[in-house]
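Okay, so here's the structure we're looking at.
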Amino acid sequence: MRPLPTFRQLLAVIILGCVLPITGLALALVAYEYQRERDQVEQTAVGTARALMTDVDDRFEGMQNSLQGLASSPALAVGDLGKLFEEAQVFSRTQRVQGVLLVDANGTELVNTRTPSGQPLSTQPRALLPPAPQRATVLDLFRSPITGQYATGILLPLPQGRTLQVDLDPRWLREVLLRQKLPPSWVAAVLDRSGHIVARTREHERYLGTTARTELLERIAERPEDAVRSVTVDGVPVVSAFSRSDRSGWSVVIGMPREELRAPLLRSTAVLLSGTAAVLLLTLWMAWRLARRLGASMEALGGAVRAAVHHAPLDLSRPAFQEAHQLGQALLHANTVAEDAASAHRRIEQRMRSVLDTSIDGIVVADHNGRIVLFNRAAEAMFRLPEEEAIGMEVEQLLAPGERARHRELREHIGLEEARKMAPNRVVEGLRTDGRSFRAEASISVTQGEDGRLYTAVLRPLPDA
């Protein structure tokens, strides 16, 4: 048979049944809150990337407007290249650009502020991105043929197939990114249309001109804005929030380390699990103590029941809970009632025994099987037989052998008829233990007891004839 559970086991199951679902729900809420906050961080990062990209586009547009002003110079209109060179130098200093270049339809340099005054210009055609018709174009990152350094720029188409170009240092784009004051662990970068890094907040010079990760470029080509899991060029797993401009086609990417984004979830989970473990251990300890007290109370009640069965004094120490106290009081009351009833029964038995023992008649009581269950002192003297030996004997053994069979038949007959008397004042011949017989007048009756019929014989000796 399967053993029954203990108080400790039941309380442990109850506690676990309460704590574990709540813990699971709390973990689910933590995960939900983490995901919600992460989505919010990603959307904020996308918005920041959009704002940075807008700032970059506005600066490009401002530079284009300034370049339009230079293109409207009278010196350019009349072909005074010397005057235009001077104006372009002033433009370079005031706009903080690397250089200004005027190229004819064949790609031949007409003005180049990077070439010192008086030195001949390059006659080799420049291989640059062809401008869109009647529209200024932001150039992707390229290496300057004069300095060999990376640069970007703006190409402005002019009449007669000529173009006016301004070369920009990529570091000014890095300054735009740094002014945003992103978290130190985050990294932001500006990408041109071909996916090359034009500016980067961290290790700018090292990764300048490096192509971004393919999976990131594919997502940028698919959507103008999004947040995607990727890896930076220096191998850091990040969530990259990006925004692609519909004006320049360039993009700003903000990389947030995944480990940092997971940190709040890990901290919250660790705190929750630690707190849950502490609460669980505390409640299990309290349950163990409570179960111990409950077990002690129940053991005390069990001991009291066993003591009551053996009529021993009851020891009811103060129990651990009210119900056990009430049960103990009820048990104590029941024991008191039982003791009173037993005392009353003993007094009745004593009185009955006194009556039987003081009777001059011999009284013998037998059960439904004919076995003697009561034998008073007068019967002891009459049969010369101690009560201890008489108890359990067949009542017919007290008679002479010649009367035993007839007496048994009469006893069985009177039992079947449920009569009150077998043969009132009947003379029977008894047999003493010394073998001598005697005559006695017997009055035999039958009564119904709890365990069956009882046969009572009242014997009075007769004088010898």
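Residue numbers (our numbering): 9 to 473. Where a beta carbon is used, it is the ideal one built from N, C-alpha and C, also for glycine. Predicted, not measured: the structure shown is a model, and the values here were computed from it.
Query raised in the report: Which residue spans inside the segment 188-224 form an unbroken beta strand (DSSP E) run of at least 3?
Result: Whole beta strand (DSSP E) segments, 3+ residues: 195-199 and 205-208.
Query - Under the three-state DSSP convention, the category S362 falls into - result: Assignment of S362 by DSSP, reduced to helix, strand and coil, places it in the helix class.
Query raised in the report: Cα separation between E267 and L288?
Result: Counting only the Cα atoms, L288 lies some 30 Å from E267.
Query - D177 - partner residues in DSSP beta bridges - result: Per DSSP, none; premise fails for D177.
Query raised in the report: Considering only residues of the segment 357-411, which uninterrupted alpha helix (DSSP H) runs meet the minimum length of 4 residues and lie entirely inside it, listed in chain order?
Result: Every alpha helix (DSSP H) stretch that sits fully inside the segment 357-411 and reaches 4 residues is listed by chain position as 385-391 and 395-398.
Query - Cβ-Cβ distance between A113 and G55 below 8 Å - result: Against a cut-off of 8 Å, the Cβ pair of G55 and A113 comes out as no contact.
Query raised in the report: CB-CB under 6 Å to A450, same chain, minus the five flanking residues each way: which ones, in chain order?
Result: R434, V436, A465 and L467, listed in sequence order.
Report task. Give me the Cα-Cα distance between Q48 and W194, rounded to the nearest whole angstrom. Result -> C-alpha separation (whole angstroms): 16 Å.
Query raised in the report: Can you list, in chain order, the residues of its chain whose CB lies under 7 Å from that of V105, leaving out five sequence neighbours each side?
Result: The answer, listed in chain order, is V174, D175 and L176.
Query raised in the report: Taking C-alpha atoms, which residue in T441, T116, R237 and F68 lies nearest to E223?
Result: Nearest C-alpha to E223: R237.
Report task. Spell out the partners DSSP gives N120 in its beta bridges. Result -> Answer is L109.
Query - Identified DSSP bridge partners for S74 - result: Bridge partners of S74: none, in fact.
Requested in this report: With a cut-off of 8 Å on the beta carbons, I'd call V381 and A389 a contact; round off their distance for me.
Outcome: At roughly 19 Å, the Cβ-Cβ gap does not stay under 8 Å, so V381 and A389 are not in contact.
Query raised in the report: Which value, in whole angstroms, describes the spacing of the CA atoms of A427 and A346?
Result: The pLDDT assigned to A427 is 46, lower than 50, so where the model puts this residue is not dependable; a value taken from the coordinates is nonetheless given after this. Rounded to whole angstroms, A427 and A346 show a C-alpha spacing of 35 Å.
Query raised in the report: Hey, out of A350, G156 and R201, whose CA is closest to V146's CA?
Result: Considering only alpha carbons, the answer is R201.
Query raised in the report: Would V111 pass as a contact of E117 if the rule is Cβ separation under 8 Å?
Result: Cβ atoms of V111 and E117: closer than 8 Å.
Query raised in the report: Nearest to E183 by alpha carbon, out of A196, V38, R143 and G90?
Result: Among A196, V38, R143 and G90, the Cα nearest to that of E183 belongs to A196.
Requested in this report: Starting from L92, trace the alpha helix (DSSP H) both ways and give me its first and last residue.
Outcome: Per DSSP, L92 belongs to the alpha helix (DSSP H) from L89 to Q103.
Report task. Tell me Q456's beta-bridge partners as DSSP assigns them. Result -> In the DSSP output, where bridge partners are listed per residue, Q456 has R461.
Report task. Check whether the Cβ atoms of P232 and V206 sit closer than 8 Å, and answer yes or no. Result -> Not a contact, by the Cβ cut-off of 8 Å.
**Report entry** N-terminal and C-terminal residue of the alpha helix (DSSP H) that L84 is part of
**Finding:** Start and end: P82 to V86.
Query - Cα-Cα separation, A135 to R44 - result: For A135, the predicted structure reports a pLDDT of 46, less than 50, and the residue's modelled location is therefore unreliable. A value from the coordinates is still provided. Take the alpha-carbon of A135 and the one of R44: they are about 50 Å apart.
Query - Alpha-carbon to alpha-carbon, A315 and L280 - result: Those two C-alpha atoms are separated by around 51 Å.
Requested in this report: Can you have a look at R208 and say buried or exposed, based on whether 16 or more other CB atoms are within 10 angstroms of its CB?
Outcome: The Cβ neighbour count for R208, taken over all protein chains shown within 10 Å, is at least 16; the residue is labelled buried.
Query raised in the report: Within the 8 Å Cβ cut-off, does T455 reach chain D?
Result: In the structure shown, chain D cannot be found, because there is only a single protein chain.
**Report entry** Chain-order list of residues whose beta-carbon lies under 6 Å from that of M401 (same chain, five-residue window excluded)
**Finding:** Beyond the five residues adjoining it in sequence on each side, M401 comes within less than 6 Å, by CB distance, of I380 in the same chain, given in chain order.
Report task. Using beta-carbon positions only, say whether V27 and T284 come within less than 8 Å of one another. Result -> By the CB criterion at 8 Å, V27 and T284 fall inside the cutoff.
Query raised in the report: Excluding the five sequence neighbours on either side, which residues of its own chain have a C-beta within less than 7 Å of the C-beta of L199, listed in chain order?
Result: Correct list, in chain order: I205, V206, A220, W258, S259 and V261.
Query raised in the report: Counting Cβ pairs, one atom from each stretch, are 3 or more of them under 8 Å apart for the segment 58-66 and the segment 184-191?
Result: Contact between the segment 58-66 and the segment 184-191 is present, because at least three Cβ pairs lie under 8 Å.
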